[in-house]
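Asks: Going by this note's numbering, the sequence shown runs without a break in its numbering and finishes at 615.
The structure follows.
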Amino acid sequence: MRLLHLLLLGFSLGFSGAGGFVTHVESGCILDEEGSVKDFTYCISFNKDVLTCWDSEANKMAAVDFGVLHPLAEELSEILSNRSDFMDHMNKGLQDCASHTKPFWGSLTQRTRKKEGAAERDPREWKWKRERNGQPIPNSGIQRAVQSNGDWTYQTRSYLPLTPSSGDIYTCHVEHSGTSQPILQNWTPGLSLKQIMKISVSVLTLSLGLTLFVLGLVACRKAGFSDYTPLLGSNYPEGNSNLYVCLLIYLPFFWLVMTPETKDISLSLWNCRE
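Shown next, in the form of structure tokens:
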């Protein structure tokens, strides 16, 4: 194998270009559903280009690259096929696959879960109900269809119409034989602290933008009436040109100072208007 490594190293150094080179050996085992070895693969690649692979039917290495590197792939296949130690290693490929994959076959391919005891340990057998301020809500614990998530967990969805009031605490009460105590999940109506902060910043930014916008319009209108001098015979509305200019200047600024939340609100209102 030392000669093989030297050969690969010389081959890589002789044909290395810009960006470097990578030569690697890849082997794999092909198993059936019972874990029995059907075949194995052994390939040598250069820069992700497969050059030669083991042909179990011909009992030798065969070139699989038919491009520019095909002559080198043929030469490499012939050299490896004529090495007795390499051929002995290839002929033991099936045996090596069986000895290396057997210890991991059960743990990696087992897809069933052992029962933990009696039937009451089934994870789908659980009870739940909802509570409001510690008091059960009538008809809130009706058993719904349980769906499997595929990872030994289950979920169910249910909707509860209610009119929450400030200070109310709603609790989801779940009981299961696998837990010593019920699982409680509380929920309170209203906005979270993060949502309140985002809305406050959005309202403050929107108010500041509106204030600057109004002040800019007032300043533009005053400047328009004082600076514009109508000519004799002109029918152009006085002061409107400056007003339009101000709109073109301040509208982009007003859009920039808006936060993403206020932009979404503005777009929604505009769509509703249309």
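Glycine is no exception: its CB is placed at the ideal position from the N, C-alpha and C atoms.
Predicted, not measured: the structure shown is a model, and the values here were computed from it.
Do you know how far the Cα of Ser422 is from the Cα of Asp390?
Replies: Reading the sequence shown from its first residue, position 49 is the one you call residue 390. Reading the sequence shown from its first residue, position 81 is the one you call residue 422. Straight-line Cα distance between these residues: approximately 20 Å.
Asks: Please classify Asp406 as buried or exposed, where buried requires at least 16 other C-beta atoms within 10 Å of its C-beta.
Replies: Position 65 of the sequence shown, counted from the start, is the residue given in the question as residue 406. It counts as buried.
Asks: By alpha-carbon positions, which one of Trp528, Pro523 and Thr520 ends up nearest to Ser506?
Replies: By 1-based counting over the sequence shown, the position of residue 506 is 165. Looking at the Cα atoms, Trp528 is the closest of the given residues.
Asks: For the beta strand (DSSP E) holding Glu367, just list the boundary residues, first then last.
Replies: Sequence index remark: in the sequence shown, residue 367 carries index 26 (1-based). Its beta strand (DSSP E) spans residues Thr364 to Leu372.
Asks: So if DSSP puts Leu525 in a beta bridge, which residue, or which two residues, is it bridged to?
Replies: Taking the first residue of the sequence shown as position 1, residue 525 is located at position 184. In the DSSP output, where bridge partners are listed per residue, Leu525 has His514.
Asks: To the nearest angstrom, how far is the alpha carbon of Gly376 from that of His411?
Replies: As a position in the sequence shown, residue 376 is number 35, starting the count at 1. As a position in the sequence shown, residue 411 is number 70, starting the count at 1. The straight-line gap from Cα to Cα measures roughly 36 Å.
Asks: On the three-pair Cβ rule with 8 Å, is the stretch 516 to 535 touching the stretch 463 to 479?
Replies: Yes, they touch.
Asks: Shortest alpha-carbon distance to Met428 belongs to which of Phe445, Ala439 and Tyr383?
Replies: In the sequence shown, the residue the question calls residue 428 occupies position 87. Selected option, being the one with the closest Cα: Tyr383.
Asks: Roughly how many angstroms lie between the CA atoms of Thr297 and Pro444, to the nearest whole one?
Replies: Outside the modelled stretch of the chain, which goes from 342 to 615, sits residue 297, for which no answer is possible.
Asks: Taking Gly408 as the reference, which of Asn400, Asn474, Glu398 and Phe387 has the closest Cα?
Replies: Taking the first residue of the sequence shown as position 1, residue 408 is located at position 67. Residue Phe387 is the option with its Cα nearest to Gly408.
Asks: Alpha carbon to alpha carbon, what distance is there between Leu413 and Cys438?
Replies: Working through the sequence shown from its first residue, we reach residue 438 at position 97. Working through the sequence shown from its first residue, we reach residue 413 at position 72. The alpha-carbon atoms of Cys438 and Leu413 are separated by roughly 29 Å.
Asks: Quick check on Arg562: does DSSP put it in helix, strand or coil?
Replies: Locating residue 562 in the sequence shown gives position 221, where the first residue counts as 1. Helix, per DSSP.
Asks: Helix, strand or coil, according to DSSP, for Thr504 in the structure here?
Replies: Sequence index remark: in the sequence shown, residue 504 carries index 163 (1-based). In the structure shown, Thr504 sits in coil (DSSP, three-state: anything other than H, G, I, E or B).
Asks: Can you tell me whether Lys433 is helix, strand or coil according to DSSP?
Replies: Residue mapping note: residue 433 aligns to position 92 of the sequence shown, counting from 1. Note: Lys433 maps to coil in three-state DSSP.
Asks: For Thr497, which three-state DSSP category applies?
Replies: Along the sequence shown, read from residue 1 onward, the residue named residue 497 stands at position 156. If DSSP states are grouped into helix, strand and coil, Thr497 belongs with coil.
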